[in-house]
Every structure is written in structure tokens, then in C-alpha cells.
Amino acid sequence: MADQSVEITEGCRLPVLRKNQEHEDEWPLAEILSVKDISGKKLYYVHYIDFNKRLDEWVTPDRLDIKKLQFPKKEAKTPMKNGLPGSRPSSPERDVKKSLDLHVQSASATSRGKTLPTPKRKAESVSLATQVTAATPVPSLPGFVDASQASVYPAMRDSSFSIKSRDEHEQLTSLTTNGTSSIQRHLIPPQPGRKRKSCGGTDEDSQDSSDGIPCAPRMTGSLVSDRSHDDIVTRMKNIDCIELGRHRLKPWYFSPYPQELTSLPILYLCEFCLKYLKSLKCLQRHLTKCNLRHPPGNEIYRKGTISFFEIDGRKNKAYSQNLCLLAKCFLDHKTLYYDTDPFLFYVMTEYDSKGFHIVGYFSKEKESTEDYNVACILTLPPYQRRGYGKLLIEFSYELSKVEGKTGTPEKPLSDLGLLSYRSYWSQTILEILMDLKSENGERPQITINEISEITSVKKEDVISTLQYLNLINYYKGQYILTLSEDIVEGHERAMQKRHLRIDPKCLHFTPKDWSKRGKW
1 MADQSVEITE GCRLPVLRKN QEHEDEWPLA EILSVKDISG KKLYYVHYID
51 FNKRLDEWVT PDRLDIKKLQ FPKKEAKTPM KNGLPGSRPS SPERDVKKSL
101 DLHVQSASAT SRGKTLPTPK RKAESVSLAT QVTAATPVPS LPGFVDASQA
151 SVYPAMRDSS FSIKSRDEHE QLTSLTTNGT SSIQRHLIPP QPGRKRKSCG
201 GTDEDSQDSS DGIPCAPRMT GSLVSDRSHD DIVTRMKNID CIELGRHRLK
251 PWYFSPYPQE LTSLPILYLC EFCLKYLKSL KCLQRHLTKC NLRHPPGNEI
301 YRKGTISFFE IDGRKNKAYS QNLCLLAKCF LDHKTLYYDT DPFLFYVMTE
351 YDSKGFHIVG YFSKEKESTE DYNVACILTL PPYQRRGYGK LLIEFSYELS
401 KVEGKTGTPE KPLSDLGLLS YRSYWSQTIL EILMDLKSEN GERPQITINE
451 ISEITSVKKE DVISTLQYLN LINYYKGQYI LTLSEDIVEG HERAMQKRHL
501 RIDPKCLHFT PKDWSKRGKW
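First residue of the sequence shown? That's 1 in the UniProt record's numbering, and the numbers climb one at a time after it.
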């Protein structure tokens, strides 16, 4: 439907034909990110507005509805900077950062009596995963968390929190009402394959603090992307296809593989060391020399065909960097750091006669000041929807139990990650509540602290999950947890499908004290 007489440029918006999940035609609005000419035929790289970036694709002109073409808004004239014409207008975000930098520099320069050069930013690549803002963590209330006890009626299958303070009641009531509505608003399962912006009008990809001042990157090795260096290059997926063992993977997002490899129809990876190669012949030659048949590092868990390997990002730097490059193809909300020293990588594999094949992995900081037990987590697409995601999450909490800590994943979670964590938290907490037994005919008692200690799930995540499930109610001066028959039946059905579980007896793991630098 494209009219060749009208020039379609980058930044234009117009409806583009695509197939939905029911294989029906639809015309969502899309933005043109790039245009290329192949043998005289133009192709357009489009991003569907309000859809996840993993659906971005190259399309032919016949899929464009030129009649509804929207040209990009003209930029304002280049502003004057210090009385001289500037090179380009500054974005509000850039102005805020610049004013902060200038303020800090001028103060420092005044004290030292000299001008300081602008510090150069560390080279980093924007990650690309599906992003959905994680539910806002609910702050724990001292009275609610520490003093509350849950009691369960065997017949009614409900439990109650006994708190008698009226002030605490009013505080929790407002927390439950507001928190639940907020969580439900964020956690309504998105339509498969598409992403909606949040109702508040803020971009879900934004990593800025609530007061509008960009957060400074943490120095402890966080992988969260601040999006400030996002540009047109990193918004476009650059690898067409990856061959990893017996699987061919279609990347979802950009990954900073070497530029010369991005033009290849297929990028070949050794499935054991994850080294990238440009041709099948190079891969075959590499396999004759590669002695690895499993990830490097220590095997700390094995049950049946499932194994977990612990890999130190400092001792096995090449493997860790290759793993990050591969993961970057399927994660959009993390920044890839080539300095993998602050991280441990836990790789899950499936064993057969040819070796240990990578299924997924998660990484965690050696030292986390915010109780993060996961930085990045990924199940490779061929193994998704088979229970491996929950197995990775369960394993991360088993490590936290051995360490004697509670943990939480680093935010923001991707949309798929958020669904997996919500499902895991719900099943784990319901499992504990349903196993409670009454003593002497009285309701069983349990505190939020006890649930957190048993599961190693952080208290904020326990509370937000109870609210997400809409279990907390106030009845006759007590907080009660009401387990309806629908919730119980749904949980029992879900647990019947969950065949893969971690067996703590098969875990051979000794935590290290990474605060001692000699351990690094």
C-alpha cells in the first residue's frame, strides 16, 4: 500500500500490517526506525507502538498504509549555547545531567583552583529485554511484619493477623487498599506478545528516580540499564539468527557482537564455551580443539539430567562475557558490562551423551548491599514454558537459604520474569499456608517473618504477593488470610503440573565471604 511518490523517512509513523496471535490481519501504528535499500527494493525497520520491542522487524513497502502517514515533528531551531550556535538541541534529560555535572565540577574546580575535564563514561551497551515495571515493593510495617500472627481455621481455610493497634490498622488498611489496586494495575497479565505503557503516563523503560533526577549508576556491579545512552543502533536487533548446538535461535533484541558478524545470515556459537564464529566450517574446526563438554567452574548441583555450574566472572572471564553477549539477545532491561568480575554466574544444563547443554542461567553480585540474589535471569527460548524458569528461581532461593539470607531479584523485571516470579512466590507461600496444621483445635499461627525465613523470600515480596492474591482482609479486629476454594483448587492444579523441583540434598554449595578481597 506504499506510495512510492512519498518519501518515508526515519521517525515517520503509520499503520503496518502484521499477523496477531490468532493469525488475523491487524494494522497497529508503528514507527520507522531505519530504511535500507537492497537491490533497488526498500525495506523498513519498524517498531510497533505500545508493543514489545522483540516484535520489531523489517517489512516490505506493501505492508505500509501510506494514507495514514504521520511525519516526524520538526525540531526547534538549534539553541544558542554561551552565545554560540550549538550543535543540536539538548533533551530535558541531558540538560538535567549537564546542570548536575556543571554544578559538581564548578564546586570541585573552585576548591582546587583548576578546571576539571568532563569524566568519560564507561563503554556500555544497552540491553534489550521485555520490560514491564515490577510491582512497587510494599514497605513493611513494623507492627504488621514483626508482631502479626496468622491463624488458620481448618474448616474455613482462612488465617488472621492479630494486631490491636488502631493506628496500625488504619495504616495497613490504606496500604492494603492502595497497594492492592496499584499492584493489580501493574500486574494484569499483558496480552501475549505486546506491551502497554503504564497508566500514569510514565515510560516503563525509564530508570530515573521518582523526583526526576537521574539515578547515579551503582558501583557494585548492577546490571540495570539507565537507558540514557539508548540510541537508534541499540534499538534495532542486529543479529538475524544464532545456531547454538542443535537449536537455531531468533534474537529478540540488540547485542553488541562485533560489527563484522552482524551482516552474517547465521552466527555460530560453540554450545560449550559459547565462543562466536562466523561460519559452520570455523565452528567445526573449533570443535576439534575445544575440550569443554560442560560450562567451566564447579558443578554444585546434579539430579537426573539437570546440573548447575557456579562460574566466577573473574576466573572465567571469556566464558562469562560470551554468556552475557548471548543473554543480551533476549534481555532488554539490563546493561552489559564487560567487567564481569563482580558477578557469579549459575548455569543450568541438561545432560546427554554429547555433554552438558545450556538451558538457562542467572547471575548475582558477589556482594549486594540491597539483598539482591539475582541480577539477570534467562531461560533460552527453546526451553521456555517447560518449568525451567521456576527451577532457576527456586535454585536462587535455595542458595539464599544456605547463605542464611533473604533475597529478591534486581528490578526492573522483564515481563516474562515478572510473571515467573509472581507465580513462584504465589505457589511457595500458598504451599506453606496450606500445610499449616491446627494445634489443640486452635488456629495455626504464623508470622510474616516466619514465612520469609522459611522461604528466603524478602518480606516486601511476601506482603506484595499476599496482596496480589487478595488474601489479606480485616475481620473483627484482626488481619486474616482468606484462602478461597478457587485459590486452593488453582494452586493444586498448578502444583500437579510442576514436575521439576530442586532437591536440597543434591546441592553441594559452600558460600564464600566476598567482603574479603582475597576471595576475589
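Glycine is no exception: its CB is placed at the ideal position from the N, C-alpha and C atoms. Keep in mind it's a predicted model, so treat the numbers as computed, not measured.
- Only residues of its own chain outside the window of five on either side were considered, and among them Thr340 have a CB closer than 7 Å to the CB of Lys317, listed in chain order.
- Met495 carries a helical assignment under DSSP once its states are collapsed to helix, strand and coil.
- For Ser423, the enclosing alpha helix (DSSP H) covers residues 415-435.
- Counted as a single uninterrupted DSSP element, the beta strand (DSSP E) harbouring Asp352 occupies residues 343-352.
- For the segment 32-66, the full-length beta strand (DSSP E) segments reaching 3 residues or more read 41-48, 57-59 along the chain.
- The Cβ neighbour count for Glu26, taken over all protein chains shown within 10 Å, is under 16; the residue is labelled exposed.
- If the five residues before and after Pro72 are omitted, its C-beta is found closer than 7 Å to the C-beta atoms of Gly11, Cys12, all from its own chain and listed in chain order.
- Taking all protein chains shown into account, Arg443 has 16 or more neighbouring C-beta atoms within 10 Å of its C-beta and is therefore buried.
- Between Tyr346 and Phe395, the beta carbon gap of about 7 Å places them in contact (Cβ cut-off 8 Å).
- Thr379 has its alpha-carbon roughly 21 Å from the corresponding atom of Val457.
- The C-beta distance from Glu310 to Leu267 rounds to 27 Å, too long to fall under 8 Å, and the pair is not in contact.
- Here Val6 carries a coil assignment [DSSP, helix/strand/coil].
- For Lys317, the enclosing alpha helix (DSSP H) begins and ends at 317-328.
- Of the candidates Ile358, Lys366, Gln321, Lys366 places its Cα closest to the Cα of Pro342.
- By the criterion of a C-beta distance shorter than 7 Å, Cys290 is surrounded in its chain by Cys270, Phe272, Cys273, once the five residues flanking it on both sides are discounted.
- Lys237 is a Cβ neighbour of Tyr253, given a cutoff of 9 Å.
- Within 10 angstroms of the beta-carbon of Asp461 lie 16 or more other beta-carbons, which makes it buried.
- In this chain, the beta strand (DSSP E) harbouring Phe308 covers 306-312.
- For Gly407, the closest of Asp37, Ser368, Tyr319, Thr234 by C-alpha to C-alpha distance is Ser368.
- When C-beta atoms of the segment 501-516 are compared with those of the segment 445-453, fewer than three pairs fall below 8 Å, so the two segments do not count as touching.
- Closest by C-alpha distance to Ser363, out of Glu370, Lys354, Ile377, is Ile377.
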